[in-house]
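To convert, take the position in the sequence shown, counting from 1, and add 1351; that gives the working numbering. Ideal Cβ positions, reconstructed from N, Cα and C, are used throughout, including at glycine. Note that the structure is predicted; figures quoted are calculated from it, not measured. Presented below is the structure to which this report refers.
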Amino acid sequence: MNRVINDPDQVVEDMLRGILVAHPELSQNDTNPRVIRKTRPSPQGQVGIVTGGGSGHEPAFLGYVGPGLVDAVAVGEIFSSPTAKSFFDAFRAADHGAGVACLYGNYAGDNMNVKLAMKMAASKDLQIRTVVANDDVASAPKADIAKRRGVAGEIFMWKTGGAAAALGYDLDGVIRVAQKAVDQCRSIGVGLTPCTIAAVGKPNFQIPDGQMELGIGHHGEPGIEVIPIESAAAMAERMLAPILADRDFSRDDSVVVLVSGLGATPVMELYIFYAEVERQLGARGLNIHRCYVGNYFTSLEMMGVTLTLLGLDAELKTLIDHPCRSIGMTQAE
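The following block contains the structure:
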């Protein structure tokens, strides 16, 4: 295992120290170092946006703290949910008197700890509402859509929810548009190599050399099938098929495309892959309103890619286009 680290048991703390000295616009909670918030809070009367999750997916989750996006993030250990106390402290850090929208991914630990945190918040008269992302089409059939994992599509939930809050939507409105983004979003991933948690020192799963795993989860959860590695064109076609079959995209629909590396995939290859996605969507008559290509939601040093499509209406288009600024995503007017 070759890594740029000090102590394998302290990688999260060391990462947070580096991020905070590099980015003074971010601050740690005064009493909980596992909560990262905006140094300059949103205005009083604005809905707060909170998310959280395990480390190892950077820039998710803390990389999306910033204007037009997220107010505070609860930070967990590598691939582990933040504690209920961290979610609760993030709620308090993000509360500006108009309620807090907690927008997070569908994982058992996160579900449990968010529910516990909401009970703690209720005792302090904090108004908390949630939206749970479940965009991974490979993780459960459409009949069991509530069981699907949240993956890179969470970014569109934060983008639209954060924009709505910045534009003055009330809590009901923020929840409505964040849920709409989740409902209109579909993702699937493919892994080419495993990843290694530093404190463990060995890969947490295996992918045979020369093979790829379609539908793999961000923590190495089993996918749909393991097959020989294909060309970027064939890979794009194979990944688009379940996405387009799961949501009824129509000719002339406007979509946003997100292509995220999983940590070790060269950016060159992400653009090779995106060119194939763009070509194939164009052949189907879909209009790409905006694209994002890069490392947006990773899995340590796994090689592979996640493909996400978001279907747009006029409201979502406005919210996606709204300016934002953070480590993971910066967008001008």
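So what's residue i in DSSP terms, helix, strand or just coil?
i       : result
Gly1443 : The question names Gly, but residue 1443 in the sequence shown is Arg. In the structure shown, Arg1443 sits in a helix (DSSP, three-state: H, G or I).
Gly1540 : strand
Glu1572 : coil
Met1586 : helix
Gly1460 : helix
Asp1487 : strand
Ile1578 : strand
Gly1450 : coil
Leu1670 : helix
Ala1425 : strand
Gln1562 : strand
Gln1631 : helix
Thr1511 : helix
Gly1524 : helix
Leu1595 : helix
Among the residues of its own chain, which have a CB less than 6 Å from the CB of residue i, if the five just before and after it don't count?
i       : result
Ile1623 : Ala1583
Ile1575 : Ala1489, Leu1565, Gly1566
Ser1650 : Cys1546, His1569, Leu1613, Gly1614
Cys1675 : Gly1419, Leu1420, Gln1682
Gln1445 : The sequence shown places Ala at residue 1445, rather than the Gln named in the question. Hits under 6 Å: Gly1399, Val1401, Asp1422, Ala1423, Val1451.
Gly1552 : Met1352
Val1483 : Asn1457
Leu1621 : Val1610, Gly1612, Val1644
Gln1530 : Val1482
Lys1498 : Ala1491
Residues in its own chain within less than 8 Å of residue i by CB, not counting five upstream and five downstream?
i       : result
Tyr1625 : Val1608, Val1610, Cys1642, Val1644
Met1365 : It is Asp, not Met, that sits at residue 1365 in the sequence shown. Result list for Asp1365: Ile1356, Asn1357, Asp1358, in chain order.
Would you report the Cα separation of residue i and residue j, rounded to the nearest angstrom?
i       : j       : result
Gly1448 : Lys1389 : 16 Å
Arg1391 : Pro1418 : 9 Å
Ser1601 : Gly1633 : 12 Å
Ser1393 : Gly1399 : 8 Å
Asp1461 : Ser1432 : 5 Å
Ala1472 : Val1577 : 44 Å
Arg1500 : Ala1373 : 32 Å
Asp1599 : Asn1638 : 15 Å
Cys1536 : Asp1597 : 10 Å
Val1628 : Glu1505 : 20 Å
Ala1517 : Gln1397 : 7 Å
Asp1486 : Pro1375 : 33 Å
Once you ignore the five residues that flank residue i on each side, which residues in its own chain have a CB closer than 7 Å to its CB?
i       : result
His1408 : His1569, Phe1648, Thr1649, Ser1650
Ala1532 : Phe1507, Met1508, Thr1511, Leu1661, Leu1667
Gly1414 : Ser1677, Ile1678, Gly1679
Ala1468 : Ala1435, Phe1438, Phe1439, Phe1442
Asp1603 : Gly1636, Asn1638
Cβ contact (3+ pairs, closer than 8 Å) linking the region 1595-1609 and the region 1652-1669: yes
Stretch pair the region 1576-1596 + the region 1508-1515: three plus CB contacts closer than 8 Å: Between the region 1576-1596 and the region 1508-1515 there are fewer than three C-beta pairs closer than 8 Å, too few to call the two in contact.
Complete runs of the beta strand (DSSP E) confined to the region 1364-1426 [at least 3 residues]: 1377-1379, 1386-1389, 1399-1406
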